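Participant: Handing you this structure, nothing more for now.
Chains as they are written, first to last, in our numbering: chain A, 37 to 417; chain Z, 99 to 704.
Put into C-alpha cells, the structure is as follows:
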C-alpha cells in the first residue's frame, strides 16, 4: 500500500542504498509495513514522521542494528540485509551522540580508524583533519563530557565522517539542542553535505528541519511510507490528507465530484457549494474526495467585494471569528456557513485585508491552487 | 477567614527563614541513634584495647597481637580467603551481571529472582546445604562414585576448597547486584555505536563496555572483600582448623575468655585492614562510585599527570585491545567454519555462550539450598544423601519444640519491631539526604552507611560490651536496638533510591493547589512511594530476621533467636530438624522477595 516513486525495476547497483519491502513487527504492532526506499550517491534523504511511524526502525535496519522480518537491504549494490553493522561501512550519528565517555575526543574519532587497523600516523593526521572540518581543532585531548551539546554533536559527526562511510545515518541528531543552536547546526550539516558530497539518511519528526535540509523527504506514518518526494512535491502536491496536514498548515473540505470542466474537476461540497480544483490521477475513489488548499493561498475579502481578475476562483462565505498576529504573518480564522473553519494567511500590514472580527467575509482562492486528495475515510489512516 | 488566618500565621513564621536552623534536622534521630549505639560503643571497644586494667594507656594488647605469628597468620589467612573469594565472585558474577543489565525488562526480572533468592537466604541455611552437598557422604561424592569417576570420597569440605565454595556462593549475589547497578547506567547505544564504527563484538565489549563497567567491578570487589573479612559462619561450618578467620578469634576471645580488651585489639586490626583496603580503593577509583552507582570516570584521570596512572592506563588499554583482538580472532574462526551470509540472520554464538555460562552460575547460586528440601523429609536421624523414606517427623519436631517455637516467634517479633524502628529513623533521614543540601551532608551519609561497611563482628562485640554494663544482655530490647543499627543503612539506601526517581514537582503542584507540607506528604508523596517503603521495610525485616552476629552475644538460653538456635544446633550436630527449619526459611524468603519486588516495581511504575 505504499506510494512508490522512482523506477523500482532499476538495478540495485545504481543506488547507494535500496530497501525492498522491508517489514518489521513487534508482536501485534507493525513497526514497518514493507518499505521501499532508494537513495542516490550524494543525496540527502530525510525520513519524516510522528513518533511510532517506523522511521527509526527503518534507519536501524539500514545500520544493521535490528533485523527485518522480511525484505532486503542493498548498500552500494551489495545485499546487506543481515550483514553485521561492523561490515556495512555505514556511519551513524545517534540521538544522544553515543560518544564513548571514557575516551578523549581524539580517541573517539580514532576509534573507527583503529578498528580498520590504520597506521598510527595516518590516524593522527585524519583525526586532525576532521577536527578542522568541524571547526573544533583544540578539543582533541578533552573528554566528551567537557564539551557543550553542540560541540558533542560536531564530534559525533566528525567520528562518523573520518572513515568516509558510504552512507551516514542520523537519528534525530539535533533533538537535544535548543532552538537557536539547532537552526545553526541544520545549516552546518547541510553545508558539510554539499561540500563533502556525503550521502545522508536523516531521521526527524520536525517538518521544518526536513524541509530545510533534505533533497528528498520520505514521509512516514503508522509503519507506512506515505509519500517520497522533494520538499516542493510534498508541500504543493501532497498525495494524502496525512501528508497535507503534516507539512505546513492546510484547509481541507470534503465533497463529491460532480463534473469535469477541461483540466479542472467540479466538487460539490456541503450545502451544494460548487468548488473547482485541478484534476488528479492518484485518487483511490474518484467520486468521494477532499479538497486541500494552503492558508497562504486563501484571501479574505469584504463579502460585497467582487472577485479580482479573470482567473477562476473558488468562493465561500462565513463569519470572521479571530485575527491573530504572528510576526510577519497574520492568521484569519473564518467559520463557514456549514460550520467548518477555514484559515487564511496574509502578510501583516497587507492593506487589502480590512475585515474586522465579527464581520461577514468571503473566502476565495484560485481554483488552480487547490489539491484533490482521497477523502479521509478512504485513506489508510 | 480561616485561610486568611493561616496565611498570616505563615507570614509571621517566615522571618525565621531557612538559615535559622540546621537544614539537616530530619537526620537528627538517625545521627543521635547511631552516635549512642554505634559510634560510642565501637569507640569504647577500641579505647578499651589501648588501656590496661587500671585505665592507663598501654600497648600490651597490641604487643601480644604481634608477639607470636598466630594472629598475623590468621589475618593473612583471612586476607587470602577474602581475596580468592572476591576473585571467584567477580569472575563468576560478571557474566551474570552483564546478562542481567543487557536483557529485556521481563527477562531481567525473572533472572534477578534467582540472584535475590540466594542473596536473601540465610548464610546458615546455605552453609547447611553445602554440608549436605560436599560431605563425605554428600550428594557430590555419591554422584562421583556412582559415575565411577572416583572410588574413595573426595575431600571438598573442612578445608580451603569447602570454605571458598561456600564463601563464593555466599557473596557472589552481592557482587552481581553491585555490578548490575553500575552496568544499568551504561548507555545501551555505546556498543551499537562501536558496531557501526566497525568494531566486532569482541572489540566493542573489551574497549567500550568493559572499561565503563570497571567502577562497578571495583565497587563489587570492595564490598565482597570487606564482607568476606568479617565472615565466620562459613569458615566455621565448612572449613578446617587451618581456615580459621579473624572474626572467629574475636568470638573466642569474647565468648570463652571474656577478654574484651584483646577482642578490641583484634577488632582494630580487622578495622585497620578494612580501612587500608578502602583507602587503596579510594586512591584508585574514588569513593563516590560506591554511593552513586554511576561511573565517575575522570575524577582523577582528567589530568593523567600521575606517572603510575598514565602507565596503568596505557597498560589497561593494551590489555583490553588484546582481549578484544583475541575474541575477534575466535569469532572470525567460527565464521570461517559457519560463514555469515547477508541474506539470512547469523546465529548469535557469543550470546549463546554467555547464556550457557550464566545458567551454570545461576544454578550454582540457586540450587544448593533446595538440597535441604528432600533431606528434611528423611526418616533417618542424620543427614545423608540420598535421603531415605518420607516422613514429616522433623517438621513435627520443629513445631512441637518449645525452644524452636520461642526462637521463631522472637525472631519475627524482633524483626518487625527493628524494621519499624529503622523505618521511623531512616525514612526522615533518607528524605533529608535526598532533598536537602546542608552542611556536613557527606559526613552524615558516611556515618549512616558505615554500619554496612564496618565488619559486623566489631559492632556486635562493642554492643555486647555496652549491654553488659547497662544490663541489656539477653533482652529483646538490646537485640532490637542492635538490629536497628544494621537495618538503618538498608532503609536509607532503598528510600533514597526511590526518592531519586520521584518527581518533586508533584509536591510543588500539590502545594500550589493549596495543600500544606504535611498534607502534600500524606496525600501525594507517601502514596506514590509506598511500594519503595514497603520494600525498605521488608529488607530491614530480613536483615534482622537473618542476623546472627549480634544475636550470638546478646541472646542465649531462653531468649534465643532462630538463627542463633540454628547455629547452636549446627555446632553440635547437623540434624534433619535443621533441614526442616531451613526449608521453612527458604519458602518464607522466596515469598518475601516476591512481595518486595512486586512492591518495588509498583513504585517504579508509579
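Note that the Cβ used here is the ideal one computed from N, Cα and C, for glycine as well. In this text the structure is predicted, and so the values were computed from the model without any measurement.
#1: Can you find a C-beta in chain Z that's less than 8 Å from the C-beta of residue 83 of chain A?
#2: Since I believe residue 533 of chain Z is in contact with residue 419 of chain Z (beta carbons under 8 Å), could you give me their beta-carbon distance rounded to a whole number of angstroms?
#3: To which residues does DSSP link residue 326 of chain A through a beta bridge?
#4: With a threshold of 8 Å between beta carbons, is residue 296 of chain Z in contact with chain A?
#5: Using the three-state DSSP reduction, which class does residue 64 of chain A fall into: helix, strand or coil?
#6: Which runs of the alpha helix (DSSP H) at least 4 residues long sit entirely within the segment 157-191 of chain Z? Give them in chain order.
#7: Please name the residue, chosen from Z:590, Z:295, Z:603 and Z:314, that lies closest to residue 638 of chain Z on a Cα-to-Cα basis.
#8: Please report how far the alpha carbon of residue 411 of chain A lies from the alpha carbon of residue 291 of chain A, in whole angstroms.
#9: When we look at the beta-carbon of residue 538 of chain Z and count the other beta-carbons within 10 Å, is it buried (16 or more) or exposed?
#10: Start and end of the beta strand (DSSP E) containing residue 262 of chain A?
#11: Using a C-beta cutoff of 8 Å, does residue 288 of chain Z count as contacting chain A?
#12: Within 8 Å (strictly less), CB to CB, does residue 175 of chain A reach chain Z?
#13: For residue 203 of chain A and residue 55 of chain A, I'd like the C-alpha separation in whole angstroms.
#14: If you run the structure through DSSP and keep just helix, strand and coil, what is residue 600 of chain Z?
#15: Taking only three categories from DSSP, how would you classify residue 478 of chain Z?
#16: For residue 395 of chain Z, decide whether its Cβ has a neighbour in chain A, counting only Cβ atoms nearer than 8 Å.
#17: When you compare the CB of residue 275 of chain A with every CB in chain Z, is at least one pair closer than 8 Å?
#18: Quick one: list the residues of chain Z neighbouring residue 132 of chain A, beta-carbon separation under 9 Å, in chain order.
#19: Please list the partners that residue 127 of chain A has in chain Z, where partner means a Cβ-to-Cβ separation under 7 Å.
#20: Consult DSSP for residue 707 of chain Z and reduce its assignment to one of helix, strand or coil.
#21: Which residues bound the alpha helix (DSSP H) around residue 381 of chain A?
#22: Pull up the DSSP beta-bridge partners for residue 360 of chain A, would you.
#23: Give the secondary structure of residue 397 of chain Z by DSSP, where H, G and I count as helix, E and B as strand, and everything else as coil.
#24: Which residues of chain A have a Cβ atom closer than 8 Å to the Cβ of residue 316 of chain Z, listed in chain order?
#25: Near residue 426 of chain A, which residues of its chain fall below 6 Å by C-beta distance, leaving aside the five closest residues on each side in sequence?
#26: Taking all protein chains shown into account, do 16 or more other C-beta atoms lie within 10 angstroms of the C-beta of residue 186 of chain Z, making it buried, or fewer, making it exposed?
#27: Within 8 Å of any Cβ in chain Z, is that where the Cβ of residue 199 of chain A sits?
#28: Residues in the same chain with beta-carbon distance under 6 Å from residue 283 of chain A, minus the five sequence neighbours each way, listed in chain order, please.
#29: Is there a Cβ of chain A sitting closer than 8 Å to that of residue 291 of chain Z, yes or no?
#30: Only counting runs of 4 or more residues, tell me where the alpha helix (DSSP H) segments fall wholly within the segment 205-232 of chain A, in order along the chain.
#31: What would DSSP say about residue 391 of chain Z, mapped onto helix, strand or coil?
#32: Can you grab the Cα-Cα spacing for the pair residue 470 of chain Z / residue 254 of chain Z, in whole Å?
#33: What are the uninterrupted segments assigned as alpha helix (DSSP H) that are 4 or more residues long and contained completely in the segment 561-617 of chain Z, given in chain order?
#34: Could you work out which residue in A:356, A:363, A:93 and A:319 is closest to residue 398 of chain A when comparing CA atoms only?
#35: Looking at chain Z, is there any beta carbon in it that lies within less than 8 Å of the beta carbon of residue 235 of chain A?
#36: Could you tell me the boundaries of the alpha helix (DSSP H) in which residue 625 of chain Z lies?
Facilitator: A quick look at the data gives this:
#1: no
#2: Residue 419 of chain Z to residue 533 of chain Z, Cβ: 44 Å. No contact.
#3: A:290 and A:409
#4: yes
#5: coil
#6: 158-165
#7: Z:590
#8: 8 Å
#9: exposed
#10: 260-265
#11: yes
#12: no
#13: 14 Å
#14: coil
#15: coil
#16: With a pLDDT of 44 at residue 395 of chain Z, under the threshold of 50, the modelled position of this residue cannot be trusted; read the value that follows with caution. So, interface residue.
#17: no
#18: 285 and 287
#19: 294
#20: Here chain Z has residues from 99 to 704 only, and residue 707 of chain Z is not among them.
#21: That residue, residue 381 of chain A, is in no alpha helix (DSSP H); its beta strand (DSSP E) goes 377-383.
#22: A:367
#23: With a pLDDT of 41 at residue 397 of chain Z, under the threshold of 50, the modelled position of that residue is not reliable, and the figure given next carries that caveat. If DSSP states are grouped into helix, strand and coil, residue 397 of chain Z belongs with the helices.
#24: The contacting residues do not exist; residue 316 of chain Z stays about 14 Å from chain A at best.
#25: The displayed coordinates of chain A run from 37 to 417. Any statement about residue 426 of chain A would go beyond what the structure contains.
#26: buried
#27: yes
#28: 243, 270 and 271
#29: yes
#30: 215-232
#31: Because the pLDDT of residue 391 of chain Z is 41, which lies under 50, any placement of that residue in the model is unreliable, and the question is left without a value.
#32: 18 Å
#33: 574-598 and 603-610
#34: A:356
#35: no
#36: 624-643
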